[in-house]
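In this note's numbering, the protein residues as written are 36 to 264. Note that beta-carbon positions come from the ideal geometry of N, C-alpha and C, so glycine has one too. Down below is the structure, laid out as structure tokens.
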Amino acid sequence: MNKPTIKEMQEGTVLLVDKPYRWTSFDVIRRLNKLMDAKIGHAGTLDPLATGLLICCTGPLTKKISDYQMLPKEYTGIIHLGAITPTYDLESEPQDFKDFEQLTNEELQKATEAFVGEIMQMPPAHSAIKKDGKRAYELARAGKEVQLDARKIIIGEFELTKIELPEVHFRVTCSTGTYIRSLAHDYGQALGCGAYLQELRRTKIGNFKADDAIDPEEWIKYLKEQKSK
Numbered sequence: 036m037n038k039p040t041i042k043e044m045q046e047g048t049v050l051l052v053d054k055p056y057r058w059t060s061f062d063v064i065r066r067l068n069k070l071m072d073a074k075i076g077h078a079g080t081l082d083p084l085a086t087g088l089l090i091c092c093t094g095p096l097t098k099k100i101s102d103y104q105m106l107p108k109e110y111t112g113i114i115h116l117g118a119i120t121p122t123y124d125l126e127s128e129p130q131d132f133k134d135f136e137q138l139t140n141e142e143l144q145k146a147t148e149a150f151v152g153e154i155m156q157m158p159p160a161h162s163a164i165k166k167d168g169k170r171a172y173e174l175a176r177a178g179k180e181v182q183l184d185a186r187k188i189i190i191g192e193f194e195l196t197k198i199e200l201p202e203v204h205f206r207v208t209c210s211t212g213t214y215i216r217s218l219a220h221d222y223g224q225a226l227g228c229g230a231y232l233q234e235l236r237r238t239k240i241g242n243f244k245a246d247d248a249i250d251p252e253e254w255i256k257y258l259k260e261q262k263s264k
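Next comes the structure, spelled out in structure tokens:
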């Protein structure tokens, strides 16, 4: 993609960032904001362990962030069968190990069908949703029981792209507000063996693609070059 000038960023533009593993979405915003001298925000948080497309809006265009947030999303990743984790991903240690070898490819494929369409999904206790004025993950980390309400979401497609037990590779298209961690956990519950999200990448938001996004370090290098001119 063509990179906008700092002046164009100040006037308002969209930046496509390929968020690296272990970076938070706020890390991206903080690092870029220091160099562009313009307001910047992102249109949809990615968990630290996830990679992929982060849409960032700058200048006056930050007022349009909610429009980008409402666009449908596509993800690819790996679900690990045979255990669960408290966070539904590898931010916490696997536990409650169960056998999964008896599951056939047909059963694995069949189990996805229950999650396609309009469904009610329970967000993870370890999420940024506010409960009693605090983030749910703060309460969960403190050992307190977190009761969250199920949310209506839409899963357009839930496709298994490769099966190498205990790993199940997938592609999902979904509405905003969908927790892929919860989908992985609920899929494991449906199979009776438990599961957690091992790997996740956001590949699309609306018509925007991760293939067109740029690593934040490259954005930082570009912004430094712009400021030195």
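1) Shortest alpha-carbon distance to Glu126 belongs to which of Pro159, Ala78 and Gly212?
2) Looking at C-alpha atoms only, which residue of Ile215, Pro129 and Cys92 is the closest neighbour of Gln45?
3) Using DSSP with H/G/I as helix, E/B as strand and the rest coil, what is Leu174?
4) Run through the DSSP bridge pairs and tell me what Val52 is partnered with.
5) Are there any heavy atoms of the ligand COA lying less than 8 Å away from the beta-carbon of Thr147, as far as the coordinates show?
6) Please check the pair Thr86 and Pro55, which I expect to be a contact at CB under 8 Å, by giving their CB distance rounded to whole angstroms.
7) Using the three-state DSSP reduction, which class does Gly117 fall into: helix, strand or coil?
8) Taking 8 Å as the cut-off, does the segment 189-199 touch the segment 145-156 (at least 3 CB pairs, one atom from each stretch)?
9) Ignore the nearest five residues each way along the sequence and tell me which others in Ile255's own chain have a CB closer than 8 Å to its CB.
10) Would you list the residues sitting across from Cys209 in a DSSP beta bridge?
11) In whole angstroms, what separates the C-alpha of Leu51 from that of Leu258?
12) Under 9 Å between the Cβ atoms of Gly241 and Pro95?
In terms of the structure at hand:
1) Locating residue 126 in the sequence shown gives position 91, counting from the first residue. Per the Cα distances, Pro159.
2) By 1-based counting over the sequence shown, the position of residue 45 is 10. Of the listed residues, the one whose Cα sits closest to Gln45 is Cys92.
3) The residue given as residue 174 occupies position 139 in the sequence shown. No answer about Leu174 holds up, because its pLDDT of 48 lies below 50 and its placement is not dependable.
4) As a first step, residue 52 must be located in the sequence shown, where it is residue number 17. Beta-bridge pairing links Val52 to Leu89 and Ile249.
5) Of ligands this structure carries none, so the ligand COA is not represented either.
6) Against the sequence shown, residue 86 aligns to sequence position 51. Against the sequence shown, residue 55 aligns to sequence position 20. Yes, Thr86 and Pro55 are in contact; Cβ-Cβ is about 6 Å, under 8 Å.
7) Residue mapping note: residue 117 aligns to position 82 of the sequence shown, counting from 1. Note: Gly117 maps to coil in three-state DSSP.
8) Contact holds: three or more Cβ-Cβ distances are below 8 Å.
9) Residue 255 sits at position 220 when you count from the first residue of the sequence shown. Result list for Ile255: Arg66, Leu67 and Leu70, in chain order.
10) Counting from 1 along the sequence shown, the entry for residue 209 is found at position 174. Cys209 pairs with Lys108 and Ile190.
11) As a position in the sequence shown, residue 51 is number 16, starting the count at 1. As a position in the sequence shown, residue 258 is number 223, starting the count at 1. Spanning the two alpha carbons is a distance of roughly 14 Å.
12) For this step, residue 241 is matched to residue 206 along the sequence shown. For this step, residue 95 is matched to residue 60 along the sequence shown. Taking C-beta atoms as the reference points, Gly241 and Pro95 fail to come closer than 9 Å.
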